[in-house]
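Enquirer: Structure below; questions to follow.
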Amino acid sequence: MHPRNGGPPRVVNGSAVALARAGCQVEIVALGFPQDEPDTRSAWPDLPDADIALHLFRPDFPRQIGRSAALRRYIAQRTDDFDVLHIHCIWETALADAAAVFRAAGKPVLVSPHGMLDRWQLRQSSWKKRIAQRFFGTGAMLGRTDAILYGTQDEANEAAHLGLPGKVVIMPNGFSPLHIPDPQSAQAKLLRQYPELGDWDRTVLFFSRLHPKKGLDLLIDAFGRVRHEFPKAGLFAAAIAQDREYEAKVRSQIAQLGGANIALTTELSGPEAKSVFIVSDIFALPSHQEGFSIAIVEAAGAGIPLLITNTCHMQEVEDDGAGYVVPATVDGLANGLRQILSADDAALEQMSGCAKNVVAARYTWDRVAVRLIDAYESILSQRRHG
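Put into structure tokens, the structure is as follows:
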């Protein structure tokens, strides 16, 4: 649940709060290191406000497999108190252990893989994932789950080759409205920290994890190709540090381009990080793969025109006039940058309104909560009458 883990913790927070508002009793159980606990708890102030308990358990050694005997004991002691177990992500062994406890108790398990069953994703560190599936319970969890919740039909199609038996449910993520108590002060602080933002008349924002999957290297190369056509445009990468080797790669790219009109920071985190939306004109996500990007939905909800890759699986961005969807290549992104940076203020304003409409029509957390409750009740009904 640490915010550096990107979208999944935001989905857990948003869906849990919406479910609680709808009358459900919700608790969150997760792995977490003691030194990270203050940042983790402070990142989600809505949880205590909604009377949602967040239980964090330290991973056992070796921590890489993500197992916790204490977490498993807690789940075993509390199983009778809950109707369903909804798992987010798939590779930590603690998740498979929790699923095994619920299965043994005859209670349903649902899994949201968050894009982790996409073929591109499965090819990354594939040998580790095969070990997890075969020896650490992940395969049994996926093979015996009652339902798998995919963010989009495209994500479900990407996983279809696995032949998993669980019921397929399409479940989008929601949007938590951007709340910045003092926007003017937040903007002034950002401009003091990054004065170059004040020199650009078009700021392209990358706001995601610093990980190869997110494709920042493609966006940097694409921006390098077009920046001489748009000398007053800048690329601001406000990234969550995660992969040091990849970070070194993108910093080297920026240095090779001379650093002009490109800024990269990993210093912004937690709720205040979203103030980057205030100083941005365009949001770009050049991912190689997404299940359902919460970052795209948040940017759209903030009314920022979008430039995303087709492997983000959100064609409605272009269909509904909220921005452009392009191939996940340097050429594709360069062409997309030319299109969106060439747009005049009126065109960007129209895209902004369309982006807000996309979210309002499809992706509020209250709408998602209704669909989640329907999914839970459907599985419970099947169990009762099966």
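When the letters of the sequence shown are read in order and numbered with the UniProt record's numbering, they come out as residues 1 to 386. Where is the CB? At the ideal position from N, CA and C, for every residue including glycine. Owing to the predicted nature of the structure, the values given are computational and were not obtained by experimental measurement.
Short check: CB of Ala-239 to CB of Arg-209, under 9 Å?
Expert: yes
Enquirer: From this set, Cys-89, Arg-123, Thr-79, which residue's C-alpha is nearest Ile-148's C-alpha?
Expert: Ile-148 has its Cα closest to that of Cys-89, out of Cys-89, Arg-123, Thr-79.
Enquirer: State the Cα-Cα distance for the pair Ala-22 and Val-109, rounded to the nearest angstrom.
Expert: 20 Å
Enquirer: What are the uninterrupted segments assigned as beta strand (DSSP E) that are 3 or more residues long and contained completely in the UniProt domain "Glycosyl transferase family 1" (201-346), given in chain order?
Expert: 202-209, 233-240, 262-265, 282-285, 306-309, 323-326
Enquirer: Considering only their Cβ atoms, is the gap separating Leu-218 from Thr-329 smaller than 9 Å?
Expert: yes
Enquirer: Check for me: the alpha helix (DSSP H) holding Tyr-376 runs from which residue to which?
Expert: 365-385
Enquirer: In chain order, what are the residue ranges of uninterrupted beta strand (DSSP E) at least 3 long that sit wholly in the segment 5-93?
Expert: 27-31, 53-57, 85-88
Enquirer: Beta-carbon within less than 6 Å of Asn-261's beta-carbon, same chain only, minus the 5 sequence neighbours each way: which residues are those?
Expert: Arg-227, Gly-234
Enquirer: Alpha carbon to alpha carbon, how far is Met-141 from Ala-100? Give it in angstroms, no decimals.
Expert: 7 Å
Enquirer: CB-CB under 7 Å to Trp-120, same chain, minus the five flanking residues each way: which ones, in chain order?
Expert: His-288, Gln-289
Enquirer: Just verifying my parser: in three-state terms, what is the DSSP assignment at Pro-126?
Expert: The sequence given here places Ser at residue 126; Pro does not occur at that position. Three-state DSSP puts Ser-126 in a helix.
Enquirer: Sorted by chain position, which residues of the same chain lie with C-beta nearer than 8 Å to Arg-384's C-beta, five sequence neighbours on each side aside?
Expert: none
Enquirer: Skipping 5 residues on each side, what residues in its chain have a beta carbon closer than 8 Å to that of Leu-178?
Expert: Lys-274, Phe-277, Glu-298, Gly-301, Ala-302
Enquirer: In the DSSP assignment, find the unbroken alpha helix (DSSP H) run with Leu-142 in it and report its ends.
Expert: 138-144
Enquirer: Check whether the Cβ atoms of Pro-172 and Tyr-363 lie closer than 9 Å to each other.
Expert: Yes, these two residues count as a Cβ contact at 9 Å.
Enquirer: Excluding the 5 residues preceding and the 5 following Asp-154 in the sequence, name in chain order all residues of the same chain whose CB lies nearer than 7 Å to its CB.
Expert: His-313
Enquirer: Please state the DSSP three-state secondary structure of residue 419.
Expert: Residue 419 is absent from the structure shown; the chain starts at 1 and stops at 386.
Enquirer: What's the C-alpha gap between Val-204 and Thr-40?
Expert: Roughly 28 Å between the two C-alpha positions.
Enquirer: Please report the Cβ distance between Gly-332 and Ile-308, rounded to the nearest whole angstrom; I am assuming they are in contact, meaning their Cβ atoms lie under 8 Å.
Expert: Contact doesn't hold; Cβ gap of about 11 Å is too wide.
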